[in-house]
Structure formats: structure tokens, C-alpha cells
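The structure under discussion appears below in the form of C-alpha cells.
Residue numbers (the numbering used here), protein chains in the order written: chain A, 131 to 198; chain W, 2 to 803.
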């Protein structure tokens, strides 16, 4: 039980840190747009650069297979 | 005529015989106008055609966006104009632009992708919630006017944006609410752990000093929740007590305050039970409910509020030599002369000094046809010059204009808006009274039996019956329903709409742009000589294609071009098609060419245009403002609810009576000014009616603001949208019919929720009165009842028939 004497202050300090971090996130505008990012992740699949990267990776893995 | 196919880009009907199309996603798509075609081609050329695959809504019609001339955009490159809204950061300039024309999430993707591909743009980020684009660019590589033009190329209008006081306050408040929610959540978890350890049910073998430490720890952690997060409840309660109302805020404050004060007492004395976790849970649940409700409502309301742009940003001033120079509207003075080109907005009230034209005043007056204006006539700021250039002497500017008078009428009307009673507040009132009486009785009884326990029993009673579920019952249902409505194409901007729709008994409608589509379409062709309908249409279209008049938009692209077309404002057009001299327009004007008598009109309503050549008249064209397809459906839905229906239009033409006859509306009045419309509404209010107003024009704005509930069309003027309680984004009246149904279901769910919450509190009351309730049972009961209420509300997110 004596561990609690240390753990309680540690917990309070951690909460304090979490709140500070949360305030910083809110003030830097990270919660201002809660709609956009949810959609943008879907469109990224169509990004030509992303597609090219995926294709390249697939080719690479197929070329690697016979060696393995 | 059959219903036309919708335009692939914007969804508006494609005129018959249109020749606009574009290759999108591997197929040829029909377009309604050259604007849509150009935008679609620009999107495809930029490699961004996936936009069409991902969008969930049609795009805005590019012609519906405010027009911007290249030299008007160039004004934004002047450094003194940029100074208030552009920040310099070394090489880079940074600004925020407000984007008009965003209809769904795919638009955000399109804008960001397109701008990032433009050389010189370092960063582009669009906030979908408030439609603001943050952009950083190199001014040496690309001027701001080019950026605005790039956005226009893909179908969006951008306006420089400066945060005003209201917008800043709103943003600051949103962040403050978010912080409160976060603090309540983070601290509650800690408080719960510390408090639960002291509960006997968990059987933690605590030493007395550890028990004391945990009590002080939870007090320390609960204090910020009460003082930082719950301020809004206490302030609300104080306000309501001053006006002698018992509302939800009062009962919430009582529960939170009671539990907190008792907790302090128990911490200091080391006796009794701790209810700190209940304080945290209560605060978190309620704050979350309110935050979600707030967000659902303010999603795009904040964005459109910025867009009240009824006047052009710049105008062409004429100096003493008759030279025109483009200046900002703020630089214009009374007595100066301005040149108003066809197709642009008139910047100030004034008198025509030179020129002959017609002016589209439909937004201001509801007249659906442009009114002829010549030398000596007065013109009004905010109306659209249609046909020829006008020189106008400025007589009134800014606050002195007729437009501002309407805006002032709006402000007065808003302050007179009646408040519809909310069910939750009425229930809360009775609930609180009942609980307070019960607490007093139980407290007295226990005082007689065991005075030492009386306080704790009363406290347990207050906490256990704490109206958490009751307070969540309405916000959760409203939030879910608001989300479903948004999917159906109806955006609610104020909270009382869903509940209020059930109390409505009178429907007031505007005609132009609301019941009708607000633009002329070709209804019939009556050939008078040897040429058939198709040939006459081809000739008429060839002439009309060269005109900017709204009538011309009813005609599709012609197969052959006309030569030397002259516009005779107020009369018609004259031109040569394949060597044949033709006139179209007013019957007398057309017949003057051949010297023949004017043929008689067959009696249909609408705008009759005559086409003729030198041998005589060729054909009649009947143009009409088409009724919306779902207008009858809306009227039927209103009638089954037993509502009174009134049609109030600013249009003085016989169209009003005709529309009323087609839809079977008995009370139809035309030619009403905004004041007269407001007077009719006041009279209805005087009779004790609850009025739902549906409109779109600036002339409807005062009535929209004063009606119990007002709904604006998506194509309405910005001012109408911001003063309405809801906007039909889809521009379909059927969305409103769906909204009415959903409002009924919402009311049912709210009543279910309220009944369940009261039932739970009623059941728990006897146990609390007997002193059997300990903090753990209070916590379990509170969470379960709240969960049930939330799950019940979520049923509203399912739309029927899907």
C-alpha cells in the first residue's frame, strides 16, 4: 500500500500534463475542423502519387518473391 | 414537356437540345451550361476527376456564384487593399479566404489538390466546418488575383476573409467548450479511481490515513470540474432563477452543487459517503451532449453568416471626362457617377442619367421578370442590370440605401420572434418541484427517526434522482435528428426547429424561387406559319444565344449562329440568321418589321415572345417560371396536417393567381412589399397562429426572421439563408416534407426519453428514501439510464426506407 503514497502524486502530475497537452492541442486549432480529416483520408487512396507508390511496392514484392 | 435530365456537374435541368457536354470518368456527360462544362473540363484536365466519384452532393452551379470581373480581382493585388487580410512571412504571403460553392467533403479535396498543383502555392488547407481556406503562396510567382481566378476555374468563388468580432467570439467559445469537455473527462477518470477505492463495496482494505489521502485527492481533482467546467450550468441556473423559472439548469446545478458541498464536508470530517464521481460523470455526460448539439447546429451556419454580400466589392466610377476607373465600393461618394455594365450588380441607390436597360429586382421585390429602366428612373442597390450599360448618379450609399432599410427591418423582426416552449423545460420544472418536495418530506421523516442519517439520506436521494438522463433526453435526440436531416439535405441553424415544427399550424410561402424554380423555361411553341416548332426554335435560339437577358437562358444552344444581333432594351432582339432578318420579343416590336397586325394570344399564362421576319410573325414562344416538381407534394403534406396555407408574393403579375390555382391555395396575395408581408405575419400572430415561413428572396428576409420557424431555399440570397432557422441545401421541397416527418419521430423519441428518465427517477426514489442507496448504486443507475436514453436517441439516425 505504501506504493500509493508515490503513485497518487504521479497520477496527479500525469493528469496535469495531459490537460496541458490537451489545451495546447485545442489552442493550436487541431479540433477546429472535425469533419474534413475524416473524409480526406478516403480521398488519399486516389492520389496518383499514392497509387504509383502502391504499384511500385507490389511490383517490388513480386520481384522479391522468387528469390525468397 | 418531360422533366429534363439533370446536369452532371450541378444537377440543374439541362435545357432541351443542349450541346454542352464533357468527358468525365470515361463517359460523355450532359451539362446544362457553358459554365459547368468549363469547370468540368478544368477538373478533368487537372487530373482530379475522382472528385466526381467521391462527391456526395452535386456541385454549385458556377453561374449562381457571384460574378467577378478580371479587373475586380486585380484590385486585390493592390497592397493597400491586401494590407488588412494578408500577412507577410518573408517570401511567403498568407491569408484566409472564405470559399463559396462548397457542397460536400469532396470539394475540400478538390480545392486543396488543385491549389497545391499551382506553382507558387506553398500550402493550402481548407477547413470544411467553416469553409475557410488557409493559403500560403509566393507573391512574386503568382499574384492573389490569379489564385482567386484558379479557384473560380474549378467552380468556387473565394472572398478575402477577416475575422470580425462575432466570428472570433464564436471560435473562442467553441475552444472554451472543448477545453471544458476535455478537463471534465480527464479529471473524472482520476476522481472515479480515487473515490471508488473508498466505497465499502469494493472491499479495499484501506488504512485510515490512506482513506483520508484519497478523499482529499478526489476533492482536489473535483474542484476544477465544478469551477472550471460547470460554470455554464450555474450561470444558466442563476439567470433562470432571476426570471423565476425552474429549468434544467437549476436542477443540474442543485445536483452538482449539493454533491460537491457534501463531499467537502465528508472529506473534512472523514465521515459519510463521497459522491465526487457522480459530479464528474454528470458534468462529462452533460457537457458532451451540449457540445455535440452545438456543433451539429453551427456546422455551416457560421460559414454562411460571413457571406452576406449583397453589394459588389467594386464599381466603375466615371470621372469628368467620361473615363471609367474601377474603385472599391468604399471609395464611392454620393453625387458621383458610376457605369453599370450589363450582368453586374448596381452598387448604390441612384438615378439613371444615360442608357436604357432592364433591371432584375427579383431578390428585392419578388418580381420574376426584369423591369425596364431608362433615363430618369430610379435604381436600387443590390439589383442586377440585365441588358444595356447604365450610367447612374449615386444618391444613397451604405446605410441609407433601400437594401439597408430591409436589413434594419430584419433586425427589428428578429427581436420580436416568439419563443416556442420546449418540452424538456416544462418537464424539468415539474420534476424539480417534485424532487424538492420529496427531499423535504424524506428529510423531515428521517430527522424524526435518526437525525444523524437525515442529511446523508437526503443527499443520496438528490444524487440518485439527479436528472442526468432527463437532461440528456432532448440534446441527444436533437443532435441525432439534426445529423439525419443534414443527410436529407436540410440544414438546421437554430435549435428550436425540430421541436417547433410540431406546433406549427400555418404555412406561409413565397412564390418566385420557392414554389417555382425562379428562372424562366420554355413551356410551349405555337408556330404561326409554314415553319415547324423545331425550325422556329433554332432561329429563336440563334438570336437569344447572343443575349444576356434571363429570358435567353431558357433557350438552348442554337445549331447556327446569328449575325449582327442588336438588343433593343425593353423590346427585343433583331438579327440576321442565314441571311434572313429576324426579330424576337414584344409583339408590336416584331410586327413593326413586317408591318402586319399583332396576332392574338391563345390565353395561356406566362411570358409570350413573338418571333417574326420581314414577311410577318413566325411563332409564339411561351416562357414560364416552372413550378418545382415537389411543390404539390409539400402542399399535400401541409394539408394532411391541417395547416392553413398562405401564398405571399412580391410579384404583381397574374402568375401568383395561376400558381395558387394549380396548387389549390386559397389565400394568395401578390405585389406585397417586405413591410406588407411582415404586417400579414403580425396579423397571423395576432390570431394566435404558429407560422412556418418558406422563402428565398431579400424581400422575404424580415418575415423569415419574424416567423416562428423559417426555412430558406438553398439557392436563396445569403441574407435570407442567415436569417432563416433552417436551409434546404438540397433545394428540394421534398426535403422539407421529410423534415416534417422526422420532426414527428424526434418528438416521439424525446417524449420516450423523458418518460423513461422520469420513470427511472420515480423508481429509485423509494429506495433512496429508505436509505438503501449508496454511491455505487447511484453511479450504476445514472450510467444505465443515460446509456438507454442515448441509444434510444440514436434510433433517429436511421432514415426510414433505407
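Beta carbons are placed, not taken as given, at the ideal position from N, Cα and C, and that holds for glycine.
The model shown is predicted, which means the values in this text are computed figures rather than measured ones.
Verify the CB distance criterion: does residue i have a CB-CB separation below 9 Å to chain A?
{"i": "residue 107(W)", "result": "yes"}
{"i": "residue 221(W)", "result": "yes"}
{"i": "residue 113(W)", "result": "yes"}
{"i": "residue 394(W)", "result": "no"}
{"i": "residue 119(W)", "result": "no"}
{"i": "residue 180(W)", "result": "yes"}
{"i": "residue 296(W)", "result": "yes"}
{"i": "residue 130(W)", "result": "yes"}
{"i": "residue 175(W)", "result": "yes"}
{"i": "residue 751(W)", "result": "no"}
Where does residue i fall in DSSP's three states?
{"i": "residue 592(W)", "result": "helix"}
{"i": "residue 634(W)", "result": "helix"}
{"i": "residue 644(W)", "result": "coil"}
{"i": "residue 338(W)", "result": "strand"}
{"i": "residue 32(W)", "result": "coil"}
{"i": "residue 527(W)", "result": "strand"}
{"i": "residue 709(W)", "result": "coil"}
{"i": "residue 201(W)", "result": "helix"}
{"i": "residue 355(W)", "result": "strand"}
{"i": "residue 565(W)", "result": "strand"}
Please report how far the alpha carbon of residue i lies from the alpha carbon of residue j, in whole angstroms.
{"i": "residue 11(W)", "j": "residue 543(W)", "result": "25 Å"}
{"i": "residue 454(W)", "j": "residue 447(W)", "result": "7 Å"}
{"i": "residue 796(W)", "j": "residue 757(W)", "result": "15 Å"}
{"i": "residue 588(W)", "j": "residue 677(W)", "result": "34 Å"}
{"i": "residue 22(W)", "j": "residue 690(W)", "result": "50 Å"}
{"i": "residue 237(W)", "j": "residue 246(W)", "result": "11 Å"}
{"i": "residue 745(W)", "j": "residue 503(W)", "result": "7 Å"}
{"i": "residue 624(W)", "j": "residue 355(W)", "result": "30 Å"}
{"i": "residue 140(W)", "j": "residue 191(A)", "result": "44 Å"}
{"i": "residue 98(W)", "j": "residue 157(W)", "result": "11 Å"}
{"i": "residue 456(W)", "j": "residue 444(W)", "result": "7 Å"}
{"i": "residue 154(A)", "j": "residue 217(W)", "result": "28 Å"}
{"i": "residue 170(A)", "j": "residue 139(A)", "result": "41 Å"}
Starting from residue i, follow the alpha helix (DSSP H) in both directions and report where the run begins and ends.
{"i": "residue 115(W)", "result": "106-117"}
{"i": "residue 463(W)", "result": "452-465"}
{"i": "residue 320(W)", "result": "Element bounds for residue 320(W): n/a, residue is neither H nor E."}
{"i": "residue 253(W)", "result": "249-270"}
{"i": "residue 732(W)", "result": "Residue 732(W) -> no alpha helix (DSSP H), and no H or E assigned at all."}
I'd like to know whether the C-beta of residue i is nearer than 9 Å to at least one C-beta of chain W.
{"i": "residue 164(A)", "result": "yes"}
{"i": "residue 180(A)", "result": "no"}
{"i": "residue 145(A)", "result": "yes"}
{"i": "residue 168(A)", "result": "yes"}
{"i": "residue 157(A)", "result": "yes"}
First and last residue of the beta strand (DSSP E) that includes residue i?
{"i": "residue 100(W)", "result": "93-101"}
{"i": "residue 512(W)", "result": "Looking at the DSSP string, residue 512(W) is not in any beta strand (DSSP E), and its letter there is neither H nor E."}
{"i": "residue 1(W)", "result": "This structure leaves residue 1(W) out entirely; chain W is present only between 2 and 803."}
{"i": "residue 728(W)", "result": "727-729"}
{"i": "residue 158(A)", "result": "Note, residue 158(A): premise wrong, no beta strand (DSSP E); not H, not E."}
{"i": "residue 325(W)", "result": "325-329"}
{"i": "residue 227(W)", "result": "Here residue 227(W) belongs to no beta strand (DSSP E), and DSSP marks it neither H nor E."}
{"i": "residue 22(W)", "result": "22-25"}
Using only CA atoms, which one of the options lies nearest to residue i?
{"i": "residue 741(W)", "options": "394(W), 57(W), 347(W), 493(W)", "result": "493(W)"}
{"i": "residue 571(W)", "options": "225(W), 370(W), 695(W)", "result": "370(W)"}
{"i": "residue 400(W)", "options": "331(W), 461(W), 533(W), 144(W)", "result": "331(W)"}
{"i": "residue 751(W)", "options": "481(W), 452(W), 378(W), 376(W)", "result": "481(W)"}
{"i": "residue 770(W)", "options": "534(W), 438(W), 522(W)", "result": "438(W)"}
{"i": "residue 285(W)", "options": "323(W), 192(W), 372(W)", "result": "192(W)"}
{"i": "residue 755(W)", "options": "291(W), 252(W), 473(W), 640(W)", "result": "473(W)"}
{"i": "residue 189(W)", "options": "208(W), 382(W), 224(W)", "result": "224(W)"}
{"i": "residue 138(W)", "options": "15(W), 799(W), 149(W)", "result": "149(W)"}
{"i": "residue 774(W)", "options": "467(W), 706(W), 590(W)", "result": "467(W)"}
{"i": "residue 375(W)", "options": "565(W), 392(W), 445(W)", "result": "392(W)"}
{"i": "residue 760(W)", "options": "279(W), 736(W), 789(W)", "result": "789(W)"}
{"i": "residue 260(W)", "options": "250(W), 227(W), 234(W), 243(W)", "result": "227(W)"}
{"i": "residue 222(W)", "options": "146(A), 134(A), 184(A)", "result": "146(A)"}
{"i": "residue 592(W)", "options": "791(W), 573(W), 608(W)", "result": "573(W)"}
{"i": "residue 327(W)", "options": "321(W), 320(W), 316(W)", "result": "316(W)"}
{"i": "residue 36(W)", "options": "8(W), 48(W), 576(W)", "result": "8(W)"}
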